[in-house]
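First to last, the sequence lines map onto chains B and P.
Sequence positions in the first sequence follow this note's numbering and run 1 to 218.
Sequence positions in the second sequence follow this note's numbering and run 219 to 335.
Notes to accompany the following structure.
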Amino acid sequence: MQIPIVRNILEANDRISEELKELFAKKKILALNLMSSPGAGKTSTLEKTLTALKDEFKMAVIEGDLQTDNDAQRVAATGAQAVQINTEGGCHLSSAMVAEALKSLDLEKLDILFIENVGNLVCPAEFDVGEDHKITLLSVTEGDDKPEKYPLMFNISSVLILNKTDLLPYVDFDLDRAAGFARALNKDIEVFPLSCRTGEGLEQWYAWLRKHVAAKKA
Amino acid sequence: MHEMSIAQNLLEIISQEMAKNGMTTLHTVKIKYGRMASVVPEALETAFMAVTIKTDLEGAVLELEEIPVTLECSDCGHEFTPDEDEILLHPCPQCGQDFGHTVKTGRELYIEYIEAE
Ligand SMILES: [Zn+2]
């Protein structure tokens, strides 16, 4: 006998994600889901950001993508709250994992919550974790055709950070080509080329954060 | 890939629906997935086999049907289905605009029905 169902298979994840969204709205916390390939520099970008803005904002990090044990220490050294998620080899964070991790954080007066997703440009795109925005990070040591190869990730991200621009003279990466692909996939995406090493370009990323924290509080 | 989490969620939904309808034997599960939903059908079949092995649901067949991508032109609003290769960067057949389109279908992932008794 055939029983019609028509249920979204990932409904459980979406439901918890909606609950998290309500929580972040109530507490006026800007929640950002950071996604990239392994080694693109999510942790370095976070470390710079947490250090530069520590007098302006209260920030916390949920770490789902630890390359080394040092990563958590580097984040904690900036004075931000950090909690680590053990994904047990999983290819993405789920909203349930984020909800669990939140129990270890003090959300009072928190301005920004960074959720550092597992290094992977495919699976995290399918699992919302209550975020206001998805941020995709690409380093210039990867191919400039990545947006074309992983269209969904760029289609649903609000921001594309092109990291390690100090290495541009040494690699075959065309910034305009990568940014062009990303804008073709998503006309609203904001593209920020920057270098965590030299600090070049970081200011426009900070400006984006300030603008969106203010919007969340309004 | 995340087929294992999909299979576990699938199992959860099927178990609920079967219990609700007083059913015990599962024959077929019909799933529809969007072309952009990052689902590999063979991997999902394998994952579903893994989560149902030695359970009452062992041996059920997954029927998977792909939903094509439909884009809405960023310029003229015309809806169209792009070629296989250029999923999102495809010129609108009506006005030629080749980027900035909105994805209307192609990201779905849902159970349509089960056959069970
Ligand atoms: Zn058109």
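All C-beta atoms, glycine included, are put in the ideal place defined by N, C-alpha and C.
Margin query: Starting from K28 (chain B), trace the alpha helix (DSSP H) in both directions and tell me its first and last residue.
Written below: It is not in any alpha helix (DSSP H) - K28 (chain B) carries neither H nor E in the DSSP assignment.
Next item on the list: Please indicate yes or no: does the CB of D301 (chain P) lie closer than 7 Å to some heavy atom of ligand 1?
Entry: Result no, Cβ not under 7 Å from ligand 1.
Notebook entry, point to check: Taking only beta-carbon atoms, is A334 (chain P) less than 8 Å away from chain B?
Noted result: Chain B, which has a Cβ nearer than 8 Å to the Cβ of A334 (chain P), makes this yes.
Notebook entry, point to check: So, are the CB atoms of E131 (chain B) and L46 (chain B) less than 8 Å apart?
Noted result: no
Notebook entry, point to check: Which chain B residues sit within Cβ distance under 7 Å of E260 (chain P)?
Noted result: Going along chain B, no residue has its Cβ under 7 Å from E260 (chain P), so there is no contact; the nearest lies around 16 Å.
Note to self: So the candidates are B:G39, B:R7, B:I9; which of them puts its Cα closest to the Cα of S119 (chain B)?
What the structure shows: Looking at the sequence provided, one finds Gly at residue 119 (chain B) rather than Ser. G119 (chain B) has its Cα closest to that of B:G39, out of B:G39, B:R7, B:I9.
Check: Within 10 angstroms of its Cβ, does Y170 (chain B) collect 16 or more other Cβ (buried), or is it exposed?
Finding: It is exposed - the Cβ of Y170 (chain B) has fewer than 16 other Cβ atoms within 10 Å.
Checklist line | Backbone CA spacing between P309 (chain P) and N186 (chain B) [nearest angstrom] | finding: If you draw a straight line from the Cα of P309 (chain P) to the Cα of N186 (chain B), it is about 15 Å long.
Notebook entry, point to check: Is it the case that the CB of D316 (chain P) approaches a heavy atom of ligand 1 more closely than 7 Å?
Noted result: no
Margin query: DSSP has G201 (chain B) in a bridge; who is on the other side?
Written below: Note: G201 (chain B) sits in no beta bridge, so no partner.
Check: Got a sec: is the Cβ-Cβ distance from R177 (chain B) to anything in chain P below 8 Å?
Finding: no
Checklist line | I329 (chain P): contacting residues in chain B (beta-carbon distance under 9 Å) | finding: For I329 (chain P), the chain B residues whose Cβ falls inside 9 Å of its Cβ are I5, V6, R7, N8, I9, in order along the chain.
Notebook entry, point to check: When you compare only the Cα positions, how much space is there between K42 (chain B) and K48 (chain B)?
Noted result: 10 Å
Check: Closest by CA to E235 (chain P), which one among P:L275, P:F317, P:L307?
Finding: P:L275
Notebook entry, point to check: Taking 8 Å as the CB-CB cut-off, is N155 (chain B) touching chain P?
Noted result: yes
Item checked: DSSP bridge partner residues for S139 (chain B) (one or two, in chain order) -> B:N163
Next item on the list: Confirm the yes/no value for this check: CB of H308 (chain P), any heavy atom of ligand 2, distance under 7 Å.
Entry: With respect to ligand 2, the structure shown offers nothing to examine, as its ligands consist of ligand 1.
Check: To the nearest whole angstrom, what separates the beta carbons of T320 (chain P) and E283 (chain P), a pair I think is in contact under 8 Å?
Finding: Not quite, the Cβ-Cβ distance comes to about 23 Å (not below 8 Å), so this is no contact.
Note to self: Is Q73 (chain B) near ligand 1 - that is, is its Cβ less than 7 Å away from at least one heavy atom of it?
What the structure shows: For Q73 (chain B), the Cβ stays outside the 7 Å cut-off from all heavy atoms of ligand 1.
Note to self: Looking at chain B, is there any beta carbon in it that lies within less than 8 Å of the beta carbon of I285 (chain P)?
What the structure shows: Contact with chain B is absent for I285 (chain P), since none of that chain's Cβ atoms lies less than 8 Å from the residue's Cβ.
Item checked: Members of the segment 130 to 164 of chain B near chain P, C-beta cut-off 8 Å -> E148, P151, L152, N155
Next item on the list: With 8 Å as the limit, tell me which residues of the segment 308 to 320 of chain P have their beta carbon closer than that to any beta carbon of chain B; keep them in chain order.
Entry: Within the segment 308 to 320 of chain P, those residues whose Cβ lies closer than 8 Å to any Cβ of chain B are, in chain order, D316, F317, G318.
Next item on the list: Give the interface partners of E297 (chain P) over in chain B, defined as CB-CB distance under 7 Å, in chain order.
Entry: Correct list: empty, because the minimum Cβ distance to chain B is about 17 Å.
Note to self: I want to see whether chain P comes within less than 8 Å of C196 (chain B), judged by CB atoms only; does it?
What the structure shows: no
Notebook entry, point to check: Would the beta-carbon of D293 (chain P) be found less than 7 Å away from any heavy atom of ligand 1?
Noted result: yes
Next item on the list: Verify whether the separation of the beta carbon atoms of I5 (chain B) and E326 (chain P) is less than 8 Å.
Entry: no
Check: Can A225 (chain P) and A268 (chain P) be called in contact, C-beta distance under 8 Å?
Finding: yes
Next item on the list: Please confirm if A255 (chain P) has its CB atom under 8 Å from at least one CB of chain B.
Entry: yes
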